[in-house]
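Note that this note's numbering has the sequence shown beginning at -12, numbered continuously upward. We put the CB at the ideal spot given by N, CA and C, even for glycine.
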Amino acid sequence: MDTRMACSTVRWGWGLCALLVCAGLANACDSINGGDERGGWEVAWSRSFSGDYATSAQPVIDSERTYVALGPSLQCRSLEDGEKCWSTDMIASDQDLSAGEILESAGRLFVNDGPLVRAFAKTDGRLVWSTQIQDFRSTINARMAQNTSHLFLGGKGEVVRIRKDDGTVDLRIPVEQLARDKFTQTAYEVQVDEGQLFVPTAYHRDSFEAIRGNVLVFNAQTGAYQWGYDVPHRYVKPPSVSDSIKLDADVERVGLGNERAVFAASQSVFALDRSTGEKKWDVFFKDDGFGESVVVKSGTAYVGSLGARVYAFDVRTGEQRWASREMGGSLFTILTAKHGRVYLGNEAGGQIWVLEAETGEVIWHSYPPEYATEGIPYTYVSPLAVGEEYMVNVGGRKIYALTIP
């Protein structure tokens, strides 16, 4: 597939397209030929759309509806038949939304686009409030976090807290700890959990051999700094990577569970004590590297790699439980662990994959039905939303709802 599309989630221009194992070579790669190991799945419905929108925002599934950001619009559709409940314009018609995820709670949908954050009513798409954050340097595809009362949005040099009831910005937290030479750090995908705000960061300057990163933790109520971890950059060139490419040590996402904060950087996976920042374990891979795909569920950390695999680790000890087969393209997507499975939409490879959480065995994987005759752009693109009965994905030319295999 088009490597520009395959690399659209790479925010720093690392040159990681060299690690997109089968992107652009789909027909030559056994690992990305569509398959159905278990059966029991089908496309429940699909809806075509006009425009060239490679959306980065993960849809939302709630009750009997799904909410999708598609180019300039936010749409609500019935999960059963795909009929449109409502649609509202969010941005200019020639633009695409820059957000990593749509958030929902208490009858509202929350969407960020650069320094603009808005709340919409789930019932009819009505705009509830809109906040333009002043003097805020935003980042591409930033993913907000939320607790019961606030939204948290990371940017260049700070994290902003926004009240969910009326959109008021009531706290701005500078992100400056541990940055060498006080260089500006960028926070992409903050997380808030049990009163702690976790801020994975990246920073760079021309004199650095590669992008560096930290994990910083703050009190979510007061903004007080609690602890930080300076991520080491240990690098050995994997065989599939050219001499001109470095694997950077920035951090974009943290998985939380079992009193651990788990993240991946460069060629390592780390786990820290979430209360103190003490390193509990790290695992180095000489033949693979990592981006941003990590989630923790039921004592296991699942991490997607640039070598197109998912690895599973015991979150307490770091013991590797399994490694999946290659999945046709480097993994930068949001992983979902539920129902005893790991779900992902692999943008770089164009397929949806469902794995057994205990073993890593492939339950099912496939392209959209149209791919067999039409090829690209009929691939799955957005991060995958997973409900109780359906999965929803925005592809290159259609929105798809699939029954869970």
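Buried/exposed call for residue i, threshold 16 Cβ in 10 Å
i, result
"Gln119", "exposed"
"Asn201", "buried"
"Lys151", "buried"
"Glu88", "buried"
"Asp153", "exposed"
"Ala10", "At Ala10 the pLDDT is 40, less than 50, meaning the model places this residue with poor confidence; the figure from the coordinates comes in the next sentence. Ala10 should be labelled buried."
"Ser292", "buried"
"Thr209", "exposed"
"Leu114", "exposed"
"Thr173", "buried"
"Glu357", "buried"
"Ser50", "exposed"
"Ala93", "exposed"
"Pro370", "buried"
"Glu246", "exposed"
"Gln254", "buried"
"Glu145", "buried"
"Pro355", "buried"
heavy atom of the ligand FMN below 7 Å from residue i C-beta
i, result
"Asn380", "Here there are no bound small molecules, and the ligand FMN is not part of this structure."
Of the listed residues the options, nearest to residue i (C-alpha basis)
i, options, result
"Asp180", "Phe36, Lys109, Ala248, Glu279", "Ala248"
"His220", "Ala93, Lys273, Ala372, Gln164", "Lys273"
"Val282", "Thr53, Trp73, Thr155, Arg240", "Arg240"
"Asp269", "Ala252, Tyr175, Glu279", "Ala252"
"Ser353", "Gly264, Thr346, Glu361, Gly336", "Gly336"
"Tyr367", "Gly332, Ala93, Val177, Val104", "Gly332"
"Trp116", "Gln133, Val98, Arg130, Ile363", "Val98"
"Thr53", "Pro59, Gln183, Cys63, Thr110", "Cys63"
"Ile391", "Gly383, Asp217, Val302, His326", "His326"
"Gly58", "Leu389, Val381, Tyr387, Ala388", "Val381"
"Ser285", "Leu259, Leu318, Val329, Pro46", "Val329"
Element boundaries [alpha helix (DSSP H), containing residue i]
i, result
"Thr360", "358 to 361"
For residue j and residue i, believed in contact at Cβ under 8 Å, the rounded distance
i, j, result
"Thr320", "Glu343", "Not really, about 18 Å apart at Cβ, beyond 8 Å."
"Gly278", "Gly215", "About 22 Å separates the two Cβ atoms, so there is no contact after all."
Endpoints, beta strand (DSSP E) assigned at residue i
i, result
"Asp49", "47 to 49"
"Ser60", "60 to 65"
"Phe205", "201 to 206"
"Arg303", "Premise fails: Arg303 is in no beta strand (DSSP E) and is neither H nor E."
"Asn398", "Since the displayed the chain opens at -12 and closes at 392, residue 398 lies outside it and no answer follows."
"His352", "349 to 353"
"Trp73", "71 to 76"
"Lys266", "266 to 271"
"Tyr190", "No beta strand (DSSP E) contains Tyr190, which DSSP labels as neither H nor E."
"Glu279", "277 to 284"
"Val396", "Lying outside -12 to 392, the shown extent of the chain, residue 396 is not represented and no answer is given."
"Ala344", "Where Ala344 is concerned, there is no enclosing beta strand (DSSP E), given that its DSSP letter is neither H nor E."
"Ala388", "385 to 390"
"Trp214", "212 to 217"
"Ser255", "255 to 260"
"Val241", "Looking at the DSSP string, Val241 is not in any beta strand (DSSP E), and its letter there is neither H nor E."
"Val329", "328 to 333"
Starting from the N-terminal side, write out each stretch of the beta strand (DSSP E) that is 3 residues or longer and does not extend beyond the stretch 120 to 184. 137 to 141, 145 to 150, 156 to 161, 178 to 180
3 or more residues per run - each beta strand (DSSP E) lying fully within the stretch 85 to 125: 90 to 92, 95 to 100, 103 to 108, 114 to 119
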